[in-house]
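Here is the structure we will look at, set down as structure tokens.
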Amino acid sequence: MYAQMVDTGQSRLPEPAELSADERAFQARIDADVKIEPRDDMPEAYRRTLIRQIQQHAHSEVVGMLPEGNWITRAPSLQRKATLMAKVQDEAGHGLYLYCAAETLGTSRDRMIDDLHAGRVRYSSIFNYPTLTWADIGTIGWLVDGAAIMNQIPLCRCSFGPYARAMIRVCKEESFHQRQGFDILMTLCRGTAEQKAMAQDALDRWWWPSLMMFGPPDAESVHSAQSARWKIKLLSNDELRQRYVDQTVPQAEYLGLAIPDPKLAWNGERGHYDFGEIDWREFHEVLKGNGPCNHDRIATRIKAWEDGAWVREAAVAHAAKRAARELEAA
Ligand code: FAQ
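Quick note: the sequence shown uses my numbering, first residue 5, plus one each step.
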């Protein structure tokens, strides 16, 4: 039995001798890089950790449509509008794959949505910030999708099969999103002084929240040790954040924009950029629901869900009629 497997949320991991035979056998499969599939036997804590993370990820994709959707009617050209619409639709698709992946673990879409609306589960902190100008749309593509790709590429190799497979397609699409964002910023940075200032202002507001996307520092990350052992997390929050800074700084230089961090400096000894202290109080406030847009985001999602009830009811009624017709024909 797996009953003794420790839950996540504790820093000390059990020694191999403390694990039951089933737990040791499960860990051996993980260590041998065998993918875990939905019908496989698995510890309850592994299942719960994945449901938590995958549904948080799914909710992030769907709530993440809101700040960008806000600009579809105001995109500066037909081409930009078409591209942004395609991107926002892609995010809905990512939510769909992820909800499906979570459902294979025994939860339901209705339950996950209910938990989101009741504030019982999280979505990424980044989507609680407002999109004030068109440059914010470029910056979300460049920085937010850039951070999402950095985090998700390792997830393509994570131990749970449906999550790993979903991530392959998601990462391909995120890569296109990142390029469309960078392209918007290139246009603005090569434009008038006012356009360049708009791009700099957007970078100033989104830089620090994008670093927070990777989660708390490793020393304070409650789930990391166990998730790493189970190969749900292949790189730590801090490792991914460092890689992201190293990758993004030259891109900002190419755009001619300044990263808003006076402590940012190349450290030749480490072979990485040093960067300033993140304001973790702000992160925790956003997680507590006190970010600039938390209330608005959830209220908008609830309204969309309620307004769409008739579509779901019609689909169910249609499926029932079709099933009845097929039964009659049989
Ligand atoms: N926001 O112990 P850890 C995207 C919570 S997709 C909110 O380190 P873990 C696409 C964490 O849940 C972006 N909460 O946790 C797009 C936990 O609380 P809990 C989403 C956060 O799970 C682009 C607590 O803090 N990506 O952007 C955040 O091991 C553009 C302790 O943290 C994913 O979800 C945060 N930033 O590591 C869409 C990727 N960070 O649950 C539209 C998959 C931490 O105990 C437009 N997820 N927390 O109540 C992951 O890789 C992990 O879950 C982490 C957190 C790395 C996010």
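The beta-carbon is built from N, C-alpha and C at its ideal position, and this holds for glycine as well.
{"query": "I need the DSSP call for residue 277, collapsed to helix, strand or coil.", "result": "strand"}
{"query": "Using the C-alpha atoms, what's the distance from residue 308 back to residue 282?", "result": "34 Å"}
{"query": "Excluding the five sequence neighbours on either side, which residues of its own chain have a C-beta within less than 8 Å of the C-beta of residue 231, listed in chain order?", "result": "12, 53, 57, 237"}
{"query": "Looking at the unbroken alpha helix (DSSP H) that takes in residue 303, where does it start and where does it end?", "result": "298-311"}
{"query": "Look at residue 120 and residue 301 and say whether their C-beta atoms are less than 8 Å apart.", "result": "no"}
{"query": "With distance defined between alpha-carbon atoms, name the residue in 127, 247, 174, 172 nearest to residue 154.", "result": "247"}
{"query": "Pull up the DSSP beta-bridge partners for residue 270, would you.", "result": "277"}
{"query": "Taking 7 Å as the line, does the beta carbon of residue 237 fall inside it for any heavy atom of the ligand FAQ?", "result": "yes"}
{"query": "Taking 8 Å as the cut-off, decide whether the C-beta atoms of residue 152 and residue 178 are in contact.", "result": "yes"}
{"query": "Please confirm whether any heavy atom of the ligand FAQ lies closer than 7 Å to the CB of residue 149.", "result": "yes"}
{"query": "Taking the alpha carbon of residue 94 as the reference point, which residue from 118, 112, 67 has its own alpha carbon closest?", "result": "67"}
{"query": "Does the distance between the C-beta of residue 271 and the nearest non-hydrogen atom of the ligand FAQ fall short of 7 Å?", "result": "no"}
{"query": "Should residue 294 be labelled buried (16 or more other beta-carbon atoms within 10 Å of its own) or exposed?", "result": "exposed"}
{"query": "Taking 7 Å as the cut-off, is the beta-carbon of residue 249 closer than that to any non-hydrogen atom of the ligand HEM?", "result": "Ligands displayed in this structure: the ligand FAQ; the ligand HEM is not among them."}
{"query": "Can residue 184 and residue 91 be called in contact, C-beta distance under 8 Å?", "result": "yes"}
{"query": "Measure how close the beta-carbons of residue 105 and residue 170 come, nearest whole angstrom, since I'm counting them as under 8 Å.", "result": "5 Å"}
{"query": "Helix, strand or coil: how does DSSP classify residue 282 here?", "result": "coil"}
{"query": "For a minimum of 4 consecutive residues, which ranges assigned as the alpha helix (DSSP H) are wholly contained in the stretch 197-267?", "result": "197-216, 228-233, 241-259"}
{"query": "So the alpha helix (DSSP H) residue 26 belongs to, where does it begin and stop?", "result": "25-35"}
{"query": "Residues in the same chain with beta-carbon distance under 6 Å from residue 62, minus the five sequence neighbours each way, listed in chain order, please.", "result": "99, 102, 103"}
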